[in-house]
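Enquirer: Protein chains in written order, with the numbering used here: chain A, 664 to 1039; chain B, 664 to 1039. Take this structure, written in structure tokens, and hold onto it; I'll ask about it next.
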């Protein structure tokens, strides 16, 4: 099948680029002597993840229990669920552990959660594993490494007979606040320092800390050293996107995910092409625009060559319509109503979530359909 | 089941409010002597749509062929697909018509599409129906009513033995550019005038124009007269949302869709509650903020009473995390880690698309699960 046979909008995944991106990150982590625990939150796909882990169902990171469930049942035996759990979700986590035998590592920064998990595990007669979430400067979640509450939480986990303290994790999401490699490198250093400091606190207090986990794609790529770090978590590098390109952590020719759309109208009054890719097909993410003004909701490419179509961008989205202003009337000839374009998304994690599957392509050829596990 | 039994995030639909909203719009259209052709793009649900049409599978509007397919197979026999079609999608449209017998009305503003549809219909031995899309001032899509291309397109449809010209449609999406009722009323008047003018052109040229279709929720509510208009299309009124509230076209107590979320952390360093509802669970739509600054990605409510929780709002979203700044430390006591909140979304059409189903509630009781037909 050719991409011209697809009914738009569709989510395309360029297999050559995906293979290159996943191989490059595995090589990078090998060269840095740190384990890669890929984050599956972007791809949410078994096929993509198997490329990321190098063909074996090795350790992964998930963002939902639904992903944990899905990957555990597919044979992944070492899963870190990287979003703080709450007591209401413990029964689901326990069910996954019981039914699959997965080593599921949970995350929290709240003493009350650890206490509730201890009671739950005792009542249910099972064992739950935790890492303590550390705030390395993003101030989203986590405890500061030197906060008394950090060591208090670790101790509550460690001392409970039904809980296992596995270590610490942090995420330097604020690495996205800059497009300056030196700035990212500094965030990466602080991320590793915070994780290491927390690990040392735990060990100094006689507690185990087997996992010392950091990661965001930019910091994993730019960190100078992973000394004292046992693993890195990142996910967007599999696909890359305009937000990453705008932060100069990838090249345009790395972008593996795109939305295939049709030109459904020419609005010569407004001076615009209208696409059948709007707010749902592209998402309302504008993340790249901070560093690449004019990106809008996505940049247009030739559907076959992936060459950019001038500076054409989707600047307005309605639910199913995307508006692409054109200054040069020649675009109406070049892109008649019914023609195809590919749109590079701002933020692949968000755009891909609108689709149940990828159409996997090499050039203009569709060579497969890979499913995604969306929702919660 | 109670909402406290649900694993978050979940999409809740308040049945009392939904029933009130759908009944009110039916009464409004009756009082204005105009047919209501509800737009199912917000709800994408058979159960919701049956309330909107008053218990019978009457005429509806859809935004995707997947919706057309789904509703046609469920017995809806009169469907307007309100997004411009392209030749690549004609085979799907034809399949729906053949297999269900639905009266499927297609939309275009492009002569090339009409010509291709004529050839396709002749080749396939079937008949396709079209309305011509009119631009009533939004300048998204459609032709101006007095444009020579408008009448030329209508004639190409009308003269083709395999195509049926059914009339004209327009959508005044720019009614959302103001929160002033007088401004909306003016847009509504211009919307009706454009549709009527186009209809008169067609009839004046000896062509039929049985359908004269207008609509956006604000213009349908505020138009003074639907003289010469045969039907109105609107959808968001079933649920309402903060974007509509910010334009003063509904009351806060009308909002029927909300996201049930858990507090998964207290970040006292940053002064924030962290929710498990982020960019995917809420969407990145910020539509209400233009007229209601401080709305962020959504406003927090008590999960049972739906009373607003002060002015708490989600101001930062990551994929699965939502950050809610708190000035008063008392909120940490009132909303401990693990507690539930409901988040009112900016734009229900976009937020709901992240969920496969609604948990239908009356008060704190979950009384059903209604599925949605997402994607394309």
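Positions of the beta carbon are idealized from the N, C-alpha and C atoms, including for glycine.
So, residue 791 of chain A versus residue 784 of chain A, is the Cβ gap smaller than 8 Å?
Expert: Against a cut-off of 8 Å, the Cβ pair of residue 784 of chain A and residue 791 of chain A comes out as a contact.
Enquirer: Taking only three categories from DSSP, how would you classify residue 677 of chain A?
Expert: Residue 677 of chain A: strand per DSSP, three-state reduction.
Enquirer: Would you list, in chain order, the members of the region 908–933 of chain B that have their beta-carbon closer than 8 Å to a beta-carbon of chain A?
Expert: Those would be 925, 926, 927, 928, 929, 930, 932, 933, in chain order.
Enquirer: Give me the subset of the region 791–812 of chain A whose CB atoms are less than 7 Å from a CB atom of chain B, sorted by chain position.
Expert: Here the close residues are 798, 802, 803, 804, 807.
Enquirer: In whole angstroms, what is the alpha-carbon distance linking residue 916 of chain A and residue 801 of chain A?
Expert: Roughly 30 Å between the two C-alpha positions.
Enquirer: Show which residues of chain B have a CB atom less than 9 Å away from the CB atom of residue 1012 of chain A.
Expert: Ordered by position in chain B, the residues that pass the 9 Å Cβ test against residue 1012 of chain A are 942, 943, 982.
Enquirer: Using a Cβ distance threshold of 8 Å, determine whether the region 902–914 of chain A contacts the region 953–964 of chain A, with at least three qualifying pairs required.
Expert: Yes, the region 902–914 of chain A touches the region 953–964 of chain A.
Enquirer: Assuming the contact rule is C-beta atoms closer than 8 Å, residue 1035 of chain B and residue 707 of chain B should be a hit. Round their C-beta distance to whole Å, please.
Expert: That belief holds up - the Cβ atoms of residue 1035 of chain B and residue 707 of chain B are roughly 4 Å apart, short of 8 Å.
Enquirer: To which residues does DSSP link residue 894 of chain A through a beta bridge?
Expert: According to DSSP, residue 894 of chain A bridges with A:698, A:876.
Enquirer: Please list the residues of the region 742–759 of chain B that have a C-beta atom closer than 7 Å to any C-beta atom in chain A, keeping them in chain order.
Expert: Here the close residues are 746, 747, 749, 750, 751, 752, 755.
Enquirer: I'd like the list of long-range same chain contacts for residue 887 of chain B, defined as Cβ closer than 8 Å, with 5 residues on each side in sequence excluded.
Expert: Answer for residue 887 of chain B: 848, 851, 852, listed in chain order.
Enquirer: In whole angstroms, give me the CA-to-CA distance for residue 862 of chain B and residue 729 of chain B.
Expert: Approximately 29 Å, taken between the alpha carbons.
Enquirer: Just mark residue 854 of chain B as buried or exposed, buried being the case when its beta carbon has 16 or more other beta carbons within 10 Å.
Expert: It is buried - the Cβ of residue 854 of chain B has at least 16 other Cβ atoms within 10 Å.
Enquirer: Can you tell me the Cβ-Cβ gap for residue 924 of chain B and residue 982 of chain B, rounded? I've got them flagged as a contact below 8 Å.
Expert: Going by Cβ atoms, the distance from residue 924 of chain B to residue 982 of chain B rounds to 14 Å, so no, they are not a contact pair.
Enquirer: Which full runs of the beta strand (DSSP E) of 3+ residues lie inside the region 963–1015 of chain B, going along the chain?
Expert: Correct list: 971–976, 985–988, 1003–1007.
Enquirer: Between residue 691 of chain B and the rest of its own chain, which residues show a CB-CB distance below 8 Å, the 5 nearest in sequence each way excluded?
Expert: Cβ within range, chain order: 883, 884.
Enquirer: Inspect the CB distances between the region 667–676 of chain A and the region 920–937 of chain A and report whether three or more fall short of 8 Å.
Expert: Counting Cβ pairs under 8 Å, three or more are found: they touch.
Enquirer: If we count the other Cβ atoms within 10 Å of its Cβ and call it buried at 16 or more, is residue 719 of chain B buried or exposed?
Expert: It is exposed - the Cβ of residue 719 of chain B has fewer than 16 other Cβ atoms within 10 Å.
Enquirer: By how many angstroms is the C-alpha of residue 676 of chain A removed from the C-alpha of residue 876 of chain A?
Expert: C-alpha separation (whole angstroms): 29 Å.
Enquirer: Does chain B have any CB closer than 8 Å to the CB of residue 992 of chain A?
Expert: False, the Cβ-Cβ gap to chain B never drops below 8 Å.
Enquirer: In this structure, does DSSP put residue 832 of chain B in helix, strand or coil?
Expert: The answer is strand: DSSP assigns residue 832 of chain B an E or B state.
Enquirer: In angstroms, rounded to a whole number, what distance separates the CA positions of residue 798 of chain A and residue 807 of chain A?
Expert: Distance between the alpha carbons of residue 798 of chain A and residue 807 of chain A: 5 Å.
Enquirer: Would you mind working out which of A:809, A:778, A:743, A:748 sits nearest residue 768 of chain A, comparing C-alpha positions?
Expert: When only C-alpha atoms are compared, the closest one is A:743.
Enquirer: Using the Cβ count rule (16 or more neighbours within 10 Å means buried), how would you classify residue 894 of chain A?
Expert: Burial call: buried.
Enquirer: Excluding the five sequence neighbours on either side, which residues of its own chain have a C-beta within less than 6 Å of the C-beta of residue 946 of chain A, listed in chain order?
Expert: Contacts found: 1013, 1014.
Enquirer: Just to confirm, are residue 727 of chain B and residue 748 of chain B a CB contact at a threshold of 8 Å?
Expert: Cβ distance not < 8 Å, so residue 727 of chain B and residue 748 of chain B don't count as in contact.
Enquirer: How is residue 724 of chain A classed by DSSP in three states: helix, strand or coil?
Expert: Strand, per DSSP.
Enquirer: So which residues on chain A does residue 726 of chain B lean against when the C-beta distance must stay under 7 Å?
Expert: The contacting residues are 982, 983.
Enquirer: Alpha carbon to alpha carbon, how far is residue 979 of chain A from residue 987 of chain A?
Expert: Approximately 7 Å, taken between the alpha carbons.
Enquirer: Distance, Cα to Cα, residue 698 of chain A vs residue 913 of chain A?
Expert: Going from the Cα of residue 698 of chain A to the Cα of residue 913 of chain A covers about 21 Å.
Enquirer: Excluding the five sequence neighbours on either side, which residues of its own chain have a C-beta within less than 6 Å of the C-beta of residue 1021 of chain B, listed in chain order?
Expert: Same-chain partners within the cutoff: 674, 676, 1033.
Enquirer: Just to confirm my understanding: we take residue 756 of chain A, look at its own chain, exclude 5 residues before and 5 after, and list those with CB closer than 8 Å. What are they?
Expert: For residue 756 of chain A, where only same-chain residues beyond five positions count, the Cβ hits under 8 Å are 728, 731, 744, 748, 767, 769, 791.
Enquirer: Just confirm the distance between the C-beta atoms of residue 1069 of chain A and residue 1006 of chain A, as a whole number of angstroms; I'd bet it's less than 8 Å.
Expert: Only positions 664 to 1039 of chain A appear in the structure, and residue 1069 of chain A is not among them; the question remains open.
Enquirer: Classify residue 775 of chain B as helix, strand or coil using the three-state DSSP reduction.
Expert: Residue 775 of chain B: helix per DSSP, three-state reduction.
Enquirer: Beta-carbon of residue 840 of chain A versus every beta-carbon of chain B: anything under 8 Å?
Expert: Answer no: the Cβ-Cβ gap between residue 840 of chain A and chain B never drops below 8 Å.
Enquirer: Of all the CB atoms in chain B, is at least one closer than 8 Å to the CB of residue 1001 of chain A?
Expert: Yes, because at least one Cβ of chain B sits closer than 8 Å to the Cβ of residue 1001 of chain A.
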